[in-house]
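Colleague: In the numbering used here, the protein residues as written are 824 to 1127.
Mind looking over this structure? Questions follow.
Below is the structure:
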């Protein structure tokens, strides 16, 4: 049986290793991704694409594991749901985490289903004190059951609830503080939300505990007459690059990556963005997985 102090060490977000620059592992780009170790330090994998599947899915997972550290980022835990946890799903999920040897796992601060019906979408939560307490308790239970550090991601949203009591930034901050978990900060989502609903992204960042940022996502969006939509289907815009640089200058995440999930281009078209991201990482952090293999004291000295 794991003693409480040992479990805290194994599941605390403070223990996460520094990885560097990553990319989401996508089938159309598998071959190029796995041979681009000069650009990438790790890859992010979506567990739902591999859990309970064989054949090519398991081949890709095994090949990627030989080349890079794998980081799990899920889309269907439905952290904010009022439905009880599916024990069989969590059992399979834990098996996946063990196979992938993911140093942490993340999912979205939202809900994805009600009464056993799964929506295949990330539905925003009402930002109330009651929701904060509910989500924090669910996150703590996940951490204890899966024995891995948990990160939650801020989501893009296109509607508001009349019950909202908190700003989005305060809601995210209170959940992660009460849950004592890490944050997967999606910089593009902050930009999309503040453009669509009003507000200052820098004020948002000032209200969240940047010391809890373990991983960062950045991505592209699409502009429609009605507003911005987070599509992960285009290049990162200059405003988001500026925001990302601001955050990286003020935080010490373990990894940063570009998401591209739709309109996936040839790898050569993605390379300039990855190279730009690496330059930004090295200018602000200067630490990659190779550096993280040094003693922790050396890492801390390098970040002073």
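All C-beta atoms in this analysis are idealised placements derived from N, C-alpha and C, irrespective of residue type, glycine included.
#1: Run the CB neighbour count on residue 971, radius 10 Å, all protein chains shown included, and call it buried at 16 or more, exposed below.
#2: Quick one: what does DSSP say residue 1038 is sitting in, helix, strand or coil?
#3: Determine the burial state of residue 1092: buried for a count of at least 16 other Cβ atoms within 10 Å of its Cβ, exposed for fewer.
#4: Do three or more CB pairs link the segment 974–989 to the segment 998–1010 at distances below 8 Å?
#5: Tell me whether residue 1025 is buried or exposed, calling it buried when 16 or more other Cβ atoms sit within 10 Å of its Cβ.
#6: When we look at the beta-carbon of residue 918 and count the other beta-carbons within 10 Å, is it buried (16 or more) or exposed?
#7: Between the C-alpha atoms of residue 835 and residue 952, what's the straight-line distance to the nearest angstrom?
#8: With burial defined as no fewer than 16 other Cβ atoms inside 10 Å of the residue's Cβ, what is the status of residue 838: buried or exposed?
#9: Hey, would you say residue 895 sits closer than 8 Å to residue 935, going by beta carbons?
#10: My parser needs the alpha helix (DSSP H) runs of 4 or more residues fully inside the segment 1039–1086; what are they?
#11: Would residue 1068 and residue 1030 qualify as a contact pair, given that the criterion is a beta-carbon distance under 8 Å?
#12: What does the alpha-carbon distance come out to for the pair residue 1076 and residue 842?
#13: Answer with buried or exposed for residue 783, where buried requires no fewer than 16 other C-beta atoms within 10 angstroms of its C-beta.
#14: Here's a check: name, in chain order, each residue in its chain whose Cβ is nearer than 6 Å to the Cβ of residue 1108, leaving out the five neighbours to either side.
#15: What's the gap between the Cα of residue 861 and the Cα of residue 852?
#16: Going by beta-carbon coordinates alone, are residue 1055 and residue 1082 separated by less than 8 Å?
#17: Which class does residue 970 belong to by DSSP, given the choice of helix, strand or coil?
#18: On the three-state DSSP scale, how would you describe residue 946?
#19: Secondary structure at residue 975, three-state DSSP: helix, strand or coil?
#20: Residue 1029 lies in the beta strand (DSSP E); which residues open and close that run?
#21: For residue 1090 and residue 1063, I'd like the C-alpha separation in whole angstroms.
#22: With DSSP as the reference, label residue 829 as helix, strand or coil.
#23: If you draw a straight line from the C-alpha of residue 999 to the C-alpha of residue 956, how long is it?
#24: Can you tell which of 1022, 960, 1015 and 1073 has the C-alpha that lies nearest to the C-alpha of residue 997?
#25: Do you know whose CA, among 908, 1020 and 1032, lies nearest residue 1001's CA?
#26: Report the residue ranges of all beta strand (DSSP E) runs contained in full by the segment 868–916; include only those spanning at least 3 residues, in chain order.
#27: According to DSSP, is residue 1109 helix, strand or coil?
#28: So what's residue 920 in DSSP terms, helix, strand or just coil?
Modeller: Result, derived from the coordinates:
#1: Sixteen is the threshold: when 16 or more other Cβ atoms of the shown chains lie within 10 Å of the Cβ of residue 971, as they do, the residue is buried.
#2: Residue 1038: strand per DSSP, three-state reduction.
#3: Exposed, since its Cβ has fewer than 16 Cβ neighbours within 10 Å.
#4: With a cut-off of 8 Å, the segment 998–1010 and the segment 974–989 count as touching, because enough Cβ pairs lie within range.
#5: A residue is called buried once 16 or more other Cβ atoms fall within 10 Å of its Cβ, and residue 1025, having fewer, is exposed.
#6: Residue 918 should be labelled exposed.
#7: The straight-line gap from Cα to Cα measures roughly 24 Å.
#8: Residue burial is scored here from C-beta neighbours: residue 838 has fewer than 16 other C-beta atoms within 10 angstroms and is therefore classed as exposed.
#9: Cβ atoms of residue 895 and residue 935: not closer than 8 Å.
#10: Here the runs fully enclosed are 1061–1071.
#11: In this structure, residue 1068 keeps its C-beta atom at 8 Å or more from the C-beta atom of residue 1030.
#12: Taking the straight line from one Cα to the other gives about 9 Å.
#13: Past the edges of the chain, shown from 824 to 1127, lies residue 783, and the structure says nothing about it.
#14: Within the same chain, and ignoring the five residues on either side of residue 1108 in sequence, no residue has its Cβ closer than 6 Å to its Cβ.
#15: The C-alpha of residue 852 is placed about 16 Å away from the C-alpha of residue 861.
#16: It is a contact, given that the beta carbons lie within the stated cut-off.
#17: Coil at residue 970, not helix or strand.
#18: Look at residue 946 here: in three-state DSSP terms it is strand.
#19: Correct three-state label for residue 975: strand.
#20: Looking at the DSSP string, residue 1029 is not in any beta strand (DSSP E); the run it does join, the alpha helix (DSSP H), is 1024–1029.
#21: Computed Cα separation, rounded: 21 Å.
#22: Its pLDDT being 37, under 50, residue 829 is placed unreliably by the model, and nothing is read from it.
#23: Their backbone Cα atoms lie some 10 Å apart in a straight line.
#24: Of the candidates 1022, 960, 1015 and 1073, 960 places its Cα closest to the Cα of residue 997.
#25: Looking at the Cα atoms, 1032 is the closest of the given residues.
#26: Within the segment 868–916, the complete beta strand (DSSP E) runs of at least 3 residues are 893–896.
#27: In the structure shown, residue 1109 adopts coil according to DSSP, grouped into three states.
#28: Note: residue 920 maps to helix in three-state DSSP.
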